[in-house]
Amino acid sequence: MKIVAVFINLVFFLLLAPFLEGVMRKITARVQSRQGPPLYQPYLDLLKLLRKENLVSAENWAFRLAPLLAFASMLAAVAILPLHGQENILSHEADLMTLIYLLTLSGFSVLIGALSSGNPFGSVGASREMMTIIMLEPVLAMTIILGAVRNGTMSLPGALQGVASTESFSYFLMLAVYLLALQAFVSRQPFDIPEAEVEILEGPYIEYSGPNYALFRYTLNIKRTFYAWLLAGGFLSFLRPANLFLDLLLQTALIILLFGLISVVGATHPRFRIDQAIKYYALLIVLSLLAVGLGVSGL
Amino acid sequence: MNKKEFLAGLLKDKLGSDFLGQEVSSDHRLFVDIEKEALLPAVKLILEQGGRYQVGISYDDRKNHQSFALIHTLAFDRDGLLVALRAFAPGNNPEFDSITPVVPGAGWSEREYHDLLGLNFKGHPNPKRLVLSDDWPEGIYPLRQDVPHDLMPPSAEEVAFRLEQAPPGTSVIPFGPFHSSLHEPAHFSVYVDGEDIKGCEYRGFMTHRGIEKLGQTELTYNDVPFVAERICGICGSVHSTNYAQAVEAAAGLKIPQRAEFIRVVILELERLHSHLLWLGVAGHLIGFDTVFMQAWRIREKIMWLAESLTGNRKTYGLIIIGGVRRNITKEKAEDIRRVLQEVEKETLTLEKAIIKDKTIHKRTRGVGYLSKEDAIKWNLVGPVARARGLDIDVRRDHPYAAYDELKFDVPVAETGDVWGTLVVRLKEIYEAIKIIRQCLDKLAILPENEPLALELEGPIPAGKQGLSVVEAPRGEAVHYVLTGEENRPERWRVRAPTYPNLQAVPDMLLNNKLADFPIIVGSIDPCISCTDRVMVVELRERRVRIVARQELEKISRKMRLGR
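First to last, the sequence lines map onto chains A and B.
Using the numbering used here, the first residue of the first sequence is number 1, and each one after it goes up by one.
Using the numbering used here, the first residue of the second sequence is number 1001, and each one after it goes up by one.
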């Protein structure tokens, strides 16, 4: 079972992630008085990209490695997540630091790819992405660390269980911070600053096409799913039904609901400038530190 | 004594023997001939009196006077007067004093005539190539009369436009020649320090089509409106109307009243769809695609309406010299009213959403700021000028067609930034609706079987000057026509509103964030095809050969890697 859990994790995220993009596109389209593409469109997009020729515009290994590294580390990150609150076979090798590390590595790979492409728009995108990572990773880290502090364990199942301990004030503060940060975690408007199509032409991804680009897209989809999952499987895990199947169903429903929210917020906001966003992120960091402080002092 | 007589007297007084004469014209136009040495002092004099520089016009007059003519036009918006100062320079040594040090907005006009007619401007601060493409050979001046319109000279070798060096401590981000925030080819080489814009250089005029040259050599008077309409894909009938008005002014024609009102209806419909288009694009440029989709959905109704009125969504083909080609019947008028009501209602909903959105305020307030003084310095026009507190609108100040019989407000904002242009354009949507409704009321009273166009009696006399202005959605468009032989204009000059506005963009960009580049450039609603209109048809002979895909990829990769 412990091995199967890893595969269930992988299949869950790999299958669900593109569908959620479909949901997002559909809802955005409805807000904009459009028909919108069918919900399965992102699967077709990925398949199409994967079948294309891999054009490599920069002759260095970093450019080729970056999409693989991003995708692999994101897969590794979701593989180690506890299933149904239980440990899996990787849990002994991987604690919450590993999770944070893998997520950062995935974001970092995007930077490597952008910078190795030598494209000026890529560089601007990379510098924006870097600022976003620096400002947003602490919020995620604090969320999980708060759980670890409450439960006194570095293991992932323990820490995530701690995230969901609703009896303290810090739970509600952290939940609020997380919800405020969610739009930025999934880099949708008003926080899609590193990609900003009209300014820097998708920034970090500008030189990528075909399968390489498909990997980046897939990584982004899984990343978004993960951040929504953390609410369903972390903050709200006290709702967890006893049956594994029902648990997955509930999580899916919650995640789809969150994506609906994300889409509506995204469709009704213009993009921030990076300097405006950073002020917002700084506030989030301070609040999340406050929540951890409260958690440490038992509130 | 009116302003025209006063200015004529003043010029005569101050210039003395340099004042050569004054053409007989209407009360709203003053055409003066002066010695070329007097051009700079005369421009200064007019500026001191409160004139607003419009454009430079130049033409090859070696056939008649062995000389090149240069005209500077200036507007007095409070007095409804346009002044044109013309001077001649000998054909073998065409040199004028540059007025750019006094009027920075004249910089492009002078560079243009250096390129196209080979005129030299003494004291021009930046005499770089402007209009011609980089590989156009030196010494061939396409607007000169001895150069045929379809000349295809061999391209010059080893040429590239030399962009300025980026200032130390900055790096260059190339916005263009193709970029998704610019919907037409143009190249802004933007110098950035981190995310701060420290300067930029513009290289444009990449889509020149030789339209003016065509009008002067190949087309006849009544062909030109249909070509003029194709100068721009958005404000086409601004150009056809403007051209027709210039010819009518030169020939002294008065068009039927019904045609005047129909022209206004079409111009205002064009403004409506153009402003809604801009609103959508502006939303898109700050990453707000919902505004884009909704604004364009509303706009679509106007496009359908235009199709039912004229047969086309755009490029209506409605204007001819002496009038219009199609009527607006009672049934059509009802259609227009119905669409206007829907558009008004839905725009109000959209406006509420925009005004309430805090993020839009954050992204547009204080962005692309230019003071009123700078706006005057650069001779800005249209909503871009009105957003900076300049209360100018050609429709009110220099009324044409039927605008003198209509009541409307000219919205002005004082913020001097992108937000101001947004507010001005939003308000103008309602003003345009108001104007169209008044026109429909008038059309209902006028006899429906009145002729829509004049029957021209005899040829249009040669050598007459006509100067016309039209308030395009983007601002004042100027057309100048010098009538000629063979049933076609001797000289036809088009100045689109983007021409002056674009010259001020580098100043607007300074010290803003890179992320604001798209919306700042977008805030002037740049119409590159209007601005680039003048070029010579340039079909360089190319070897025709089929390039296989692999080969093409190989070439492009080699170029990228510098091998």
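Ideal Cβ positions, reconstructed from N, Cα and C, are used throughout, including at glycine.
For S1171(B), DSSP records a beta bridge to V1192(B). Rounded to whole angstroms, the separation of the alpha carbons of A1444(B) and H1179(B) is 47 Å.
Taking the beta carbon of A267(A) as reference, the chain B residues within 7 Å of it are T1290, listed in sequence order.
Annotation: Cβ neighbours of Q276(A) in chain B (cutoff 7 Å, chain order): K1362. DSSP, reduced to helix, strand and coil, places A1087(B) within a strand of the structure shown. With distances taken between CA atoms, G1475(B) lies nearest to V1381(B) out of Y1369(B), V1381(B), D1516(B). For N9(A), the three-state secondary structure derived from DSSP is helix.
Put simply, of G295(A), D275(A), G293(A) the residue whose alpha carbon is nearest the alpha carbon of K1513(B) is D275(A). A Cβ of chain A is located within less than 9 Å of the beta carbon of E1195(B). Runs of the alpha helix (DSSP H) spanning 4 or more residues and lying entirely within the segment 1390 to 1478 of chain B occur at 1394 to 1397, 1418 to 1445, in chain order.
About 6 Å separates the CB atoms of I1302(B) and L1269(B); that is less than 8 Å, so the two are in contact. V6(A) and L175(A) have their C-alpha atoms spaced approximately 27 Å apart. Cβ neighbours of P1489(B) within its own chain (closer than 8 Å, five residues either side excluded): G1215, Q1216, Y1221, V1224, V1247, V1481, L1482, T1483.
For D1061(B), the uninterrupted beta strand (DSSP E) run begins and ends at 1052 to 1061, by DSSP.
For the segment 28 to 46 of chain A, the set of residues with a beta-carbon nearer than 7 Å to any beta-carbon of chain B comprises V31, Q32, S33, R34, in chain order.
Straight-line measurement puts the Cα of H1284(B) at about 9 Å from the Cα of M1293(B). Taking 9 Å as the cut-off, the Cβ atoms of K1014(B) and L1070(B) do not count as close.
In this structure, P1518(B) and L1502(B) do not form a Cβ contact; the two beta carbons are roughly 15 Å apart against a cut-off of 8 Å. With contacts defined by Cβ atoms closer than 9 Å, I1376(B) and R1078(B) do not form a contacting pair. For R1338(B), the three-state secondary structure derived from DSSP is helix. At least one beta carbon of chain B lies nearer than 9 Å to the beta carbon of D192(A). Here the segment 1378 to 1395 of chain B makes contact with the segment 1410 to 1429 of chain B; the two share three or more CB pairs at distances below 8 Å. Runs of the alpha helix (DSSP H) spanning 4 or more residues and lying entirely within the segment 165 to 212 of chain A occur at 169 to 185, 197 to 200, in chain order. Taking 7 Å as the Cβ-Cβ cut-off, the segment 1293 to 1307 of chain B approaches chain A at M1293, Q1294, R1297, given in chain order. Residues of the same chain with a CB within less than 7 Å of the CB of E1485(B), apart from the 5 flanking positions on each side, are A1462 in chain order.
Interface criterion met: the Cβ of H1179(B) is under 9 Å from a Cβ in chain A. Taking C-beta atoms under 8 Å as the contact rule, L10(A) and D95(A) fail to qualify, at a distance of about 19 Å.
Rounded to the nearest angstrom, the gap between the Cα atoms of L179(A) and L105(A) is 23 Å.
Sequence-distant partners of V1147(B) (beyond 5 residues in either direction) whose C-beta falls short of 7 Å from its own C-beta, in its chain, are I1140, Y1141.
Within chain B, the residues whose beta carbon sits less than 7 Å from that of V124(A) are I1173, L1514, listed in sequence order.
Taking a 10 Å sphere around the C-beta of Y40(A), we find fewer than 16 other C-beta atoms and assign the residue as exposed. For K1377(B), the enclosing alpha helix (DSSP H) starts and ends at 1372 to 1377. Secondary structure at G1323(B): strand, using DSSP grouped into helix, strand and coil.
The CB of P120(A) comes closer than 8 Å to the CB of S1171, V1172, I1173, P1174 in chain B, given here in chain order. Looking at P1137(B), R1396(B), H1149(B), the one whose alpha-carbon comes closest to that of E1158(B) is P1137(B).
For H1187(B), the secondary structure class from DSSP, reduced to helix, strand or coil, is strand.
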